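Have a look at the structure below before the remarks.
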Amino acid sequence: SLSGQSVGIVLGDICFDVLPLLARWKEAIVHAGIPFYPVVGNHDHDRSADGGDLEATAAYRSMLGPENYAFFLGKDVVIVLDNIMYDENKRYKEGYADHVLAFVKGLARFIPASSDIYVAQHSPLRRRRQDTTNEKIVNANDLLSIVHGHKTMFIAGHSHVFHNHEYNKDVIDQNIAAICGAWWDTIRCTDGTPRGYKVYTKTNGKLEWYYKP
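Count the sequence shown with our numbering and you get residues 666 to 878, in order.
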């Protein structure tokens, strides 16, 4: 129902460690009627794969394409990143591997100075565990240095709660509540937010957003 160019982004954990569901999601999402761009989550990695992070995303790549890529929306750029540094069998760190940083650094050479950047990733920029609330994820400062000079919004899922953190006038980190609710309650997320999704609109250079339960 939105006017103008519209796309969808799913912020990871498309399946719950059952990788054949990725192909079923791809078949189903076309009925939304707009392009949808996937983000790989920790539950979209192959927990049985040997060898580390890239091996754990091989099945994802075969079904949905690269886990690190970018596209233009008007003059702005959306950068989709894998910020789950997977080891094996559900063990992982949240952050940016060296090859992810190298991708963004190479891409940055082609981003116009006037473009705003939206980074779509699974884990938010700040850790949300109780003991590390204010700590950034691994190599976050390296990524921030690459996109420095652009207005940058990070959008993420992962924790099934809402939070917004403004680092400065140019960098905002938004974690969005889940469309599936919480693990034990499909109506609400863990902070009480109704299941739903966020709608961002940009008109004449002004960005606005609202949550749609």
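We treat Cβ as the ideally placed atom computed from N, Cα and C, and that holds for glycine.
Remember, it's a predicted structure, so these values are computed and weren't measured experimentally.
If we ignore side chains and look at the alpha-carbon of each, how far apart do residue 736 and residue 746 end up? Against the sequence shown, residue 736 aligns to sequence position 71. Against the sequence shown, residue 746 aligns to sequence position 81. Residue 736 and residue 746: Cα-Cα distance of roughly 12 Å.
Contained beta strand (DSSP E) runs [length at least 3] in the region 677 to 745, N- to C-terminal order: 701 to 703, 734 to 738 and 741 to 745
May I ask you to report which of helix, strand or coil DSSP gives residue 768? Within the sequence shown, the letter at position 103 stands for residue 768. If DSSP states are grouped into helix, strand and coil, residue 768 belongs with the helices.
Among the candidates 761, 810 and 696, whose CA atom is the shortest distance from the CA of residue 732? Within the sequence shown, the letter at position 67 stands for residue 732. Ranking 761, 810 and 696 by Cα distance to residue 732 puts 761 first.
In angstroms with no decimal places, state the Cα-to-Cα distance between residue 748 and residue 666. Locating residue 748 in the sequence shown gives position 83, where the first residue counts as 1. Locating residue 666 in the sequence shown gives position 1, where the first residue counts as 1. About 32 Å.
Name the residue from 702, 818 and 768 whose alpha carbon lies nearest to the alpha carbon of residue 781. On the sequence shown, residue 781 is found 116 positions in, with the first residue counted as 1. Residue 781 has its Cα closest to that of 818, out of 702, 818 and 768.
Helix or strand or just coil, what does DSSP make of residue 805? Taking the first residue of the sequence shown as 1, we reach residue 805 at position 140. DSSP places residue 805 in helix when its eight states are reduced to three.
From 875, 866, 876 and 834, pick the residue whose C-alpha is nearest to that of residue 671; which is it? Within the sequence shown, residue 671 is the residue found at index 6, counting from 1. Here the closest residue by C-alpha is 866.
Could you say which of 855, 741 and 790 lies nearest to residue 845 if we only look at CA atoms? By 1-based counting over the sequence shown, the position of residue 845 is 180. Nearest of 855, 741 and 790 to residue 845, Cα basis: 855.
Applying the criterion that 16 or more other CB atoms from any shown protein chain within 10 Å of the CB defines a buried residue, is residue 763 buried or exposed? Counting from one through the sequence shown, the residue named residue 763 turns up at place 98. Answer is exposed; the Cβ neighbour count stays below 16.
Any idea what DSSP makes of residue 837, helix, strand or coil? Counting from 1 along the sequence shown, the entry for residue 837 is found at position 172. Of the three classes helix, strand and coil, the one that applies to residue 837 here is strand, per DSSP.
Work out the CA separation of residue 729 and residue 715 for me, nearest whole Å. Locating residue 715 in the sequence shown gives position 50, counting from the first residue. Locating residue 729 in the sequence shown gives position 64, counting from the first residue. So the two alpha carbons sit approximately 20 Å from each other.
State yes or no: is the C-beta of residue 827 within less than 8 Å of the C-beta of residue 840? Translated into positions along the sequence shown, residue 827 becomes position 162. Translated into positions along the sequence shown, residue 840 becomes position 175. Yes.
So, using beta-carbon positions, are residue 704 and residue 738 closer together than 8 Å? For this step, residue 704 is matched to residue 39 along the sequence shown. For this step, residue 738 is matched to residue 73 along the sequence shown. Going by C-beta atoms, residue 704 is not nearer than 8 Å to residue 738.
For residue 722, is the classification buried or exposed, using 16 other Cβ atoms within 10 angstroms of its Cβ as the cut-off for buried? Reading the sequence shown from its first residue, position 57 is the one you call residue 722. Residue 722 is buried by the Cβ-count criterion.
In the structure shown, what three-state DSSP assignment does residue 879 receive? Because the chain spans 666 through 878 in this model, residue 879 falls outside it and cannot be assessed.
Under three-state DSSP, which class holds residue 773? In the sequence shown, counting from the first residue as 1, residue 773 sits at position 108. In the structure shown, residue 773 sits in a helix (DSSP, three-state: H, G or I).
Would you tell me roughly how many angstroms separate the C-alpha atoms of residue 700 and residue 673, rounded to the nearest one? For this step, residue 700 is matched to residue 35 along the sequence shown. For this step, residue 673 is matched to residue 8 along the sequence shown. If I take the Cα positions, the gap works out to 6 Å.
Which one of 824, 830 and 868 has the shortest CA to CA distance from residue 860? As a working mapping, residue 860 is identified with position 195 in the sequence shown. Comparing Cα positions, the closest option is 824.
Residue 826 by DSSP, collapsed to three states: which one? Counting from 1 along the sequence shown, the entry for residue 826 is found at position 161. If DSSP states are grouped into helix, strand and coil, residue 826 belongs with coil.
Per DSSP, cross-strand counterpart(s) of residue 851: For the purposes of this step, residue 851 is taken as the residue at position 186 of the sequence shown. Paired residue(s): none; residue 851 is not in a bridge.
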